[in-house]
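Accompanying notes for the structure given below.
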Amino acid sequence: MLKSGGEWGLDFIIILINTLLFVFLKTKNTKHLYTAIAIIILLPVYGLISNNLESEKPFSKLDTIIIQPCIYDGDLPEVKRSKFFTLLKKIEDKCKNKVLIIPESSLPDDIQRSYERDEIMRAILNRFKLNAILYNTIIEENDNVFNSNILLTENSKDRYDKNHLMLFGEYFPFHSIIQKLPLAVANYENFTAGKKVKPLQFGKIKIATPICLENIFQGYVAKISKNANLIVNQTDDEWFLSKKAKMLHLAQARLKAIENNRYLIRATNNGYTVLINPEGKIVKDLIIDKAGFLKAKIPLLKKQTIFQKIYPFIPYIFLFIFIILLVISGKDEKSNNS
């Protein structure tokens, strides 16, 4: 169901079953009960059939190494730098011909804000004999500040700017007024939303990189990943005060892997860093709040799911079906009363 209708489809089915059961309890018309039972029985059958129909052999594999450095906002600049490079030193002999993936908020401040950032990252790429580095950083450009992902190779550079900014975290309405008020958030940076929705590319490989909470928007992830071979969600969940909230964010990522039939790497600063397969199963993971790294050869896929093809129309399709069912149910109730 998720590969066809996504989370909207799942919500529709849940609402439909509950509506049928409610109508049955009200009218005692057993056909509503039987219909609800039939839907419940047919769902797993449909899932097995659709999974077999959409099975796909990968055309290649991407050799990756993902780091989880556990760098926190309260760390001193020298501590952040030490944590980052200590972890890099541990993986140096494991990086040859791999793609290094660095999570959101993991680069030391002096690298993020440096005009020589690309040169520093390219020096790491060459020293570690990497094929590419995919890292998250802050980019200041023409009086704008962007939360960006960079895919860097020896001869190329591709960039994606976060489109969906977090309200009151990255984006503040009336920011020019807020700056003049004696508020703690007055000194927070006001990021600019990116305009392009595109996967990052090197060679023939395309990687969709929704940043942090962008992975909760099912339509947006489908749009950015429909022409991609892999999804990488770089995030920093440090600001979550509860592990349950982090688990919820992880659950959203698992749904996106299913909806888009892609392997999904969730690269986080302090957890949960995981590899999720197209069935939504976690096949590799790191311990939360412990610095480490994860190595994985990721199968690359390219076949589009039904959801990726029709996602803009799904809410309207289900709304139309639901209205039709309500009208039919209303007519049945009137005929029973008469």
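Read in my numbering, the sequence shown has 1492 at position 265, and its numbers run on one by one without any break. From the three backbone atoms N, C-alpha and C, an ideal C-beta is built for every residue, glycine too.
(request) Please state whether DSSP places asparagine 1390 in a helix, a strand or coil. (result) coil
(request) Use the C-beta contact count for leucine 1553: other C-beta atoms within 10 angstroms, 16 or more gives buried, fewer gives exposed. (result) exposed
(message) Please report the distance separating the alpha-carbon of isoleucine 1377 from that of lysine 1517.
(response) 25 Å
(message) Quick check: the region 1489-1507 against the region 1536-1555, are at least 3 beta-carbon pairs closer than 8 Å?
(response) no
(message) Within a Cβ cutoff of 8 Å, which residues of the same chain sit near isoleucine 1239, ignoring the five residues on either side of it in sequence?
(response) The question names isoleucine, yet the displayed sequence has phenylalanine at residue 1239. Once the five neighbours on either side are set aside, the close Cβ partners of phenylalanine 1239 are Gly1232, Phe1545, Ile1548 and Phe1549.
(request) Step through the CB atoms of chain B and report whether any lies within less than 8 Å of the CB of glutamate 1305. (result) The question asks about chain B, but that chain is absent: this structure has only one protein chain.
(message) Please return the same chain residues whose Cβ sits closer than 6 Å to the Cβ of alanine 1263, not counting the five positions on each side in sequence.
(response) Ile1244, Leu1247 and Leu1248
(request) Using beta-carbon positions only, say whether glutamate 1441 and leucine 1229 come within less than 8 Å of one another. (result) no
(request) Measure the C-alpha to C-alpha separation of lysine 1511 and isoleucine 1503 and round it to an integer number of angstroms. (result) 7 Å
(message) Would you call the region 1477-1484 in contact with the region 1249-1261, where contact means no fewer than 3 C-beta pairs closer than 8 Å?
(response) no
(message) Measuring only from the beta carbon, is glutamate 1397 closer than 7 Å to any heavy atom that is part of the ligand MN?
(response) The ligand MN is not part of this structure, which contains no ligands at all.
(request) Assign tyrosine 1387 to one of two classes, buried (16 or more other C-beta atoms within 10 Å of its C-beta) or exposed (fewer than that). (result) buried
(request) Would you list the residues sitting across from tyrosine 1362 in a DSSP beta bridge? (result) Ile1329 and Ile1377
(request) With DSSP as the reference, label aspartate 1463 as helix, strand or coil. (result) coil
(message) Buried or exposed for phenylalanine 1312, going by 16 or more other Cβ atoms inside 10 Å?
(response) exposed
(message) Within 10 Å of its beta-carbon, does glycine 1396 have 16 or more other beta-carbons around it, so buried, or fewer, so exposed?
(response) exposed
(request) Please go through the same chain and pick out, in chain order, the residues whose beta-carbon is closer than 8 Å to the beta-carbon of serine 1333, but skip the five residues on each side of it. (result) Ile1294, Pro1296, Ile1298, Phe1311, Tyr1362, Asn1363, Asp1463 and Asn1496
(request) Give me the Cα-Cα distance between alanine 1531 and isoleucine 1443, rounded to the nearest whole angstrom. (result) According to the sequence displayed, residue 1531 carries glutamine and not alanine. Each residue's alpha carbon lies about 19 Å from the other.
(request) Sort Tyr1499, Ala1523 and Arg1481 by Cα distance to serine 1469 and report the nearest one. (result) Tyr1499
(message) On a Cα-Cα basis, can you pick out the residue from Gln1445, Ile1434, Ile1360 and Tyr1447 that is closest to isoleucine 1458?
(response) Ile1434
(message) Quick check: the Cα distance between glycine 1236 and proline 1330, rounded to an integer number of angstroms?
(response) 31 Å
(message) On the CB-based measure, 16 or more other CB atoms within 10 Å of its CB, does lysine 1473 come out buried or exposed?
(response) buried
(message) Taking its Cβ as the centre, do 16 or more other Cβ atoms sit within 10 Å of asparagine 1460, making it buried, or is it exposed?
(response) buried
(message) Taking DSSP's pairing of strands, which residues face lysine 1511 in a bridge?
(response) Leu1502
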